[in-house]
Amino acid sequence: MDLNSRVAIVTGAARGIGRAVALALARRGADVVISDLDLDGARHYGEQLSAASVPDEIRALGRRGLGVQGDLCDAAAARDLVARTLEAFGRVDILVNNAGGALTPVERSLASVVPEEDLQAMWQLNLMTAVHCSQAAMPALRDSGRGSIVNIASRAGLDPAQRQGRLTAYGLAKGALVQYTRFLAHEAGPAGVRVNAIAPGAIATARLQATAAARNIGTAGDVANIPLRRLGTAEDIANVVAFLASDDAAYVTGQCLSVCGGTVLTPN
Ligand SMILES: NC(=O)c1ccc[n+]([C@@H]2O[C@H](COP(=O)([O-])OP(=O)(O)OC[C@H]3O[C@@H](n4cnc5c(N)ncnc54)[C@H](O)[C@@H]3O)[C@@H](O)[C@H]2O)c1
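Heads up: the sequence shown begins at 627 in this note's numbering, then just goes up one per residue.
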């Protein structure tokens, strides 16, 4: 398996895309530490686990698993996450910055009216969580000799026209995350650390499915506008994360890869 003997941290991995990423990395041989605000968060949207917890699912795949609860908007929580990983497993080779979401009200999200509190909330959740974890993990990633960071951005960070321009605060923060990816790749490349991003399209996670009707997402009209004519799955994202984290992507750094069924067809 291509990730044998590597240790990965996946943030926001109690459910959804993060959980699928954690399991995909474990299936390929990695030991995985998951971090989340709420390690039991899958139950909020009825996401079914195959064991009592996500770390138990990882262990059922024959790998070591650990859960660390914390709010990664706080830099101290990110430092604690890395320290607990090093204490338990002795190294960090892969960091997947997945914690995030478009959680501020859509009805006040146009660029001309979006309130500062929403801008700050989305900046903290979608950019600073990744900055905190990347900075905390960088010494260990350098020590790894084949360190890899994958940041989960969004198509909203690449194209303001997604969702009729209604995701300003979220899109700004994800756009900044893509640019942070490039800055960090430039700095960390000489130390052998690769840094890439993925920009998912609409992914049918349990959360998205539970909230789609109220948010008018995933409609037949939305699907008709996707060249591959379906919403994405969490596994669609997880498989590309696993590729970017592996030696198959050894010469790829500083890139943002759209995984969106062809929704975004402009250069990144
Ligand atoms: N689902 C989609 O359609 C979609 C599309 C584009 C991008 N994304 C991005 O993918 C990532 C995962 O999305 P998802 O749909 O699986 O969301 P989700 O809400 O199901 O999962 C996100 C997880 O992050 C955790 N989290 C939130 N804030 C945190 C914090 N401050 N510290 C630690 N953990 C925190 C949550 O508890 C949750 O378990 C997000 O960054 C999101 O912006 C999702």
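By construction, the Cβ of each residue, glycine as well, lies at the ideal position given by its N, Cα and C atoms.
Taking residue i and residue j to be in contact with their CB atoms under 8 Å, please state how far apart those CB atoms are, rounded to whole angstroms.
i: S770; j: R717; result: 6 Å
i: D628; j: D873; result: 7 Å
i: T807; j: N822; result: 6 Å
i: I720; j: A871; result: 5 Å
i: A860; j: A678; result: In fact, because the Cβ distance is near 20 Å, the residues do not count as touching under 8 Å.
i: D848; j: A832; result: With 8 Å as the limit, D848 and A832 do not qualify as a contact, their Cβ atoms being about 18 Å apart.
i: Q695; j: L665; result: 5 Å
Between the options, which has its C-alpha nearest residue i's C-alpha?
i: L793; options: N752, A817, I824; result: N752
i: F869; options: R856, T859, D664, L883; result: L883
i: V866; options: G887, P765, R690; result: G887
i: A766; options: N630, L745, A678, V819; result: V819
i: T711; options: A763, N842, L665; result: A763
i: Q790; options: D706, A652, N842, L857; result: N842
i: G858; options: A839, Q835, A876, Y877; result: Q835
i: R653; options: A686, G815, E713; result: A686
i: P853; options: A817, V885, I684; result: V885
i: A840; options: E683, D682, V732; result: V732
i: Y877; options: P816, R856, L663; result: P816
i: A814; options: G880, Q805, G797; result: G880
i: L745; options: R772, G797, A709, C759; result: G797
i: A709; options: Q805, C759, I684; result: C759
Quick check on the burial criterion: 16 or more other C-beta atoms within 10 angstroms. Buried or exposed for residue i?
i: R669; result: exposed
i: V739; result: exposed
i: G688; result: exposed
i: Q788; result: buried
i: T837; result: exposed
i: G672; result: exposed
i: L891; result: exposed
i: S780; result: buried
i: G642; result: buried
i: P777; result: Checking the sequence, you will find Asn at residue 777 rather than Pro. Buried, since its Cβ has 16 or more Cβ neighbours within 10 Å.
i: D785; result: buried
i: N737; result: The sequence as given places Ala at residue 737; Asn does not occur at that position. So A737 counts as exposed.
i: S896; result: As displayed, the chain neither begins before 627 nor continues past 894, which places residue 896 out of reach and without an answer.
i: L810; result: buried
i: H707; result: The residue you asked about is not His; residue 707 is Leu in the sequence shown. Under this definition L707 is a buried residue.
i: D682; result: exposed
CB-CB under 8 Å to residue i, same chain, minus the five flanking residues each way: which ones, in chain order?
i: A747; result: L729, T730, A795
i: N851; result: T889
i: Q761; result: A701, A704
i: G897; result: Here the chain comprises residues numbered 627 to 894, so residue 897 is not present and cannot be evaluated.
i: A650; result: E861, A864, N865, V867, A868
i: R856; result: V849, G887
i: A875; result: S774, R820, N822, F869
Who are the near neighbours of residue i in its chain, counting only those whose CB is closer than 6 Å to its CB and skipping five residues on each side?
i: I660; result: V636, A639, A648, V680, G693
i: V757; result: none
i: D657; result: V633, R689, R690, F715
i: G644; result: V636, G638, N724
i: G801; result: G783
Beta-carbon within less than 7 Å of residue i's beta-carbon, same chain only, minus the 5 sequence neighbours each way: which residues are those?
i: T755; result: T637, L698, C699, N723, A725, G726
i: W749; result: A799
i: L803; result: N752, L753, A756, N777, A779, G783, A823
What do you reckon, is the C-beta of residue i under 7 Å from a heavy atom of ligand 3?
i: G644; result: Absent from the structure shown: ligand 3. Ligands present: ligand 1.
Whole runs of the alpha helix (DSSP H) within the segment 840 to 893, excluding any shorter than 4 residues: 846 to 850, 860 to 871
Contiguous beta strand (DSSP E) assignments of at least 3 residues, all confined to the segment 731 to 807: 774 to 778
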